[in-house]
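This report concerns only the one structure given below.
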Amino acid sequence: MSDSYRGPLPKPTPETAPYWEALRRHELRVQRCDDCGEAFFYPRNVCPACLSDRLTWVPASGRGRLHSFTIVHAGIATPPLPLPYVVAIVELDEGPRLMSNLVGVDPDPEALSCDMPVEIEFADVTDEVTLPRFRPVGEC
Amino acid sequence: MGRVALREGRGTVAIVGAAESDRVGKLPDKSALMLHAEGARNALDDAGLSVKDVDAVLATGRRAANEVPEYLGIRPRYIDNTSMGGCSFIAHLQHAMAVINAGIAEVVLITHGESGRSRVGMDPYVPARQSPMGQFEMPFGVGGPATRYTFAATRHMHEYGTTKDQMAEVAVATRKWASLNPRAAQRDAITIEDVKASRLIAWPFNLLDCCLVTDGGGGLVVTSSERARDLKRKPVYVLGTGEATHHNLISQMPRFHVWDAAVQAGKSAWEMSGASHTDIDLAMFYDAFTIVPILALEALGFCGPGEGGAFVEGQRTAPGGDFPMNTNGGGLSYTHSGMYGMFMLVEAVKQLRGECGERQVTGAATAICHGTGGMLSASATAILSTER
Ligand SMILES: [Zn+2]
């Protein structure tokens, strides 16, 4: 738990609450469509591939690849991490992509490459909120 | 999707008035609505029409549908508040075409006013914590567009080997155009090294890869090509239009190295216009960041996938190059109020009317305008010409 977290916090809505509740238990979940099989993120009450509302929460492995990234140096009023830090687009092994932070690595383009394998790290930033962050596989 | 007969729209409407606010830049003495009004008044004056002639008002921004007509004293019969970001005004041209051809309105006024830098009369921009952006992006420390457009640049560099030098070529060439525009905010020559040595904002973007933040406004008057013949200005015909939206959050962009929304919008515009790439004398490609025109060149078929970086090498888009692009100095060096699309259209119209002085593209007859909206979310394209 970090008492010093001053970064932006999400506020769940009815369709996203199960996602955020699972993160508090250190579980990453995505939704899968019972009709067309699409796995997707972010949480919705309909499948973005076919509009079905027959959806099931499924556990994700927490492993994936760094699809794209930026290294933020300036211009953020309330940064979630000390500047500079890496904001990542992670492609989960299950298919969907999500935005996250990449930690446990130098915030330097020389140390980063698209498609490098990453795995989840659960960051309990407040008593109520756990954020999914990622780190390169095999480092800590 | 349903079948449409795009070709029927070609050349049916024309831009008959185009103007900017009296000044652009840092204007703490102007509210956003004052800039809307200046744009509207100057565009109507340019067209030789009165506010009484206007029967449709198209503006963008929260509340603009009611607020702008109220401020201007217009009671329109058609209202359009399309807010897809900076390219909304290009999409407005397509909407104007639709309502004019449907007989719903005859004289369409499109306005823009934004106090992007001085923030006079502007709403605060903070996404709600419950919105998808507030939940799934803001907690990871992304700010404005400068941190989000990066993801397309990084993946483009990875897929195709696009370099920071190639991106910097865009900034350098655009600055050369700005040096020919007395209204431009930044007119001093820069080099590729200057771009790369400027302050890092969000890698791979340095400060000079990023557009300006200024205040400004503008207006366009659109009517049927038939009515346009009786008006005082040489009509600029709308040959083709297209629009598309593919995501809102940048993290939902289907492919980061291909701007698929731009491909879709461009395809509509090319199909409606019947024009080909060799017809284009001038390109206005929204340069929110140096990567964006590179993505647009590929999406609109001026080069193949991944060839955009090589395309802009050797200052090909600068004055004297064989592909004049962003001749007003662009969002990078001329002005960028936040939703910059209006300024692209005004420049294209003035170039096609031969009114651009030192930066005039000789003999410019056909122009393409292509914009981004949101976080590469939306796209809109217009092909404009002096000939129907
Ligand atoms: Zn489905």
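Protein sequence lines correspond, in order, to chains A and B. Counting with our numbering, you get residues 1163 to 1302 for the letters of the first sequence. Counting with our numbering, you get residues 6 to 393 for the letters of the second sequence. Glycine included, C-beta positions come from ideal geometry on N, C-alpha and C.
Check                                                                                                                     : Outcome
Contact set for A:E1301: own chain, Cβ-Cβ below 6 Å, skip 5 residues either direction                                     : Any reading at A:E1301 needs caution, since the residue's pLDDT is 49, under 50, leaving its predicted position unreliable; the model's value is listed next. Cβ neighbours of A:E1301 beyond the five flanking positions: G1266.
Length of the line joining the Cα atoms of A:P1258 and B:G245                                                             : 36 Å
Distance cut-off 7 Å: A:A1211 Cβ against heavy atoms of ligand 1                                                          : yes
Contact set between A:P1176 and chain B, taken where Cβ atoms lie within less than 8 Å                                    : Neighbours of A:P1176 on chain B: none; closest Cβ ~10 Å, over 8 Å.
Cβ-Cβ distance between B:V18 and B:I95 below 8 Å                                                                          : no
Beta-bridge pairing of A:T1232 - partner residues as DSSP gives them                                                      : A:V1249
Exposure label - B:N211; buried when at least 16 CB within 10 Å                                                           : buried
3-residue-minimum beta strand (DSSP E) runs that sit fully inside the segment 187-265 of chain B, ordered along the chain : 205-208, 220-229 and 241-250
Cutoff 8 Å: A:S1230 Cβ touching any chain B Cβ                                                                            : yes
Which listed residue (A:R1227, A:P1242, A:G1237 and A:T1232) has its alpha carbon closest to that of A:F1296              : A:R1227
The beta strand (DSSP E) enclosing B:G22, as first and last residue numbers                                               : V18 to E25
Span of the alpha helix (DSSP H) around B:M347                                                                            : G346 to L357
Residue-chain proximity (A:E1301, chain B), Cβ-Cβ < 8 Å                                                                   : Since pLDDT at A:E1301 reaches only 49, below the 50 mark, its modelled position is unreliable, and no value is offered.
Closer than 8 Å to chain A by CB, B:L350                                                                                  : no
Nearest to A:A1236 (by Cα), restricted to the options B:P209, B:G223, B:L302 and B:C361                                   : B:P209
The segment 1236-1252 of chain A: positions lying closer than 7 Å to chain B by Cβ                                        : A1236, G1237, I1238, P1241, P1242, L1243, Y1247, V1249 and I1251
B:D50: CB within 7 Å of a non-hydrogen atom of ligand 1                                                                   : no
Touch test, the segment 275-284 of chain B against the segment 314-328 of chain B, Cβ-Cβ under 8 Å, three pairs minimum   : no
Cβ-heavy atom distance, A:E1200 to ligand 2, below 7 Å                                                                    : This structure lacks ligand 2; the ligands present are ligand 1.
Residue environment, A:D1270, which counts as buried when at least 16 other CB atoms sit within 10 Å                      : exposed
Three-way DSSP call (helix, strand, coil) for B:D292 in this model                                                        : coil
Beta-carbon gap between A:S1223 and A:D1255 smaller than 8 Å                                                              : yes
Near ligand 1: A:P1215 beta-carbon under 7 Å from a heavy atom                                                            : Sequence inspection shows Asp at residue 1215 of chain A; the Pro mentioned does not correspond to that position. Flag unset: Cβ of A:D1215 not near ligand 1.
Nonlocal neighbours in the same chain, by C-beta distance under 8 Å from A:A1180, ignoring five residues either side      : The residue you asked about is not Ala; residue 1180 of chain A is Pro in the sequence shown. Counting only Cβ-Cβ distances below 8 Å, and skipping sequence neighbours, we find R1191, P1205 and W1219.
DSSP-derived helix/strand/coil call for A:S1262                                                                           : strand
Neighbour flag for A:P1170 against chain B, beta carbons, 8 Å                                                             : yes
DSSP-derived helix/strand/coil call for B:F328                                                                            : coil
Contact residues within the segment 1262-1276 of chain A, judged by C-beta distance below 8 Å to chain B                  : S1262, N1263, P1271, S1275 and C1276
Collapsed DSSP secondary structure at A:P1279 in the structure displayed                                                  : strand
Test: A:I1233 CB closer than 8 Å to a CB of chain B                                                                       : yes
From B:P81, B:A61, B:F294 and B:G247, residue whose alpha carbon lies closest to that of B:Q99                            : B:G247
Below-8 Å beta-carbon distance, B:R2 vs any chain A residue                                                               : Coverage of chain B is limited to positions 6 through 393, which leaves residue 2 of chain B absent and any answer about it impossible.
is_contact[B:W264, chain A] using C-beta, thresh 8 Å                                                                      : no
Close Cβ partners of B:G66 (< 7 Å) along its chain, the five nearest in sequence each way excluded                        : S88
Classification of B:Q171 by the beta-carbon crowding that lies within 10 angstroms, buried from 16 upward                 : buried
Euclidean distance between Cα positions of B:A353 and B:A387                                                              : 10 Å
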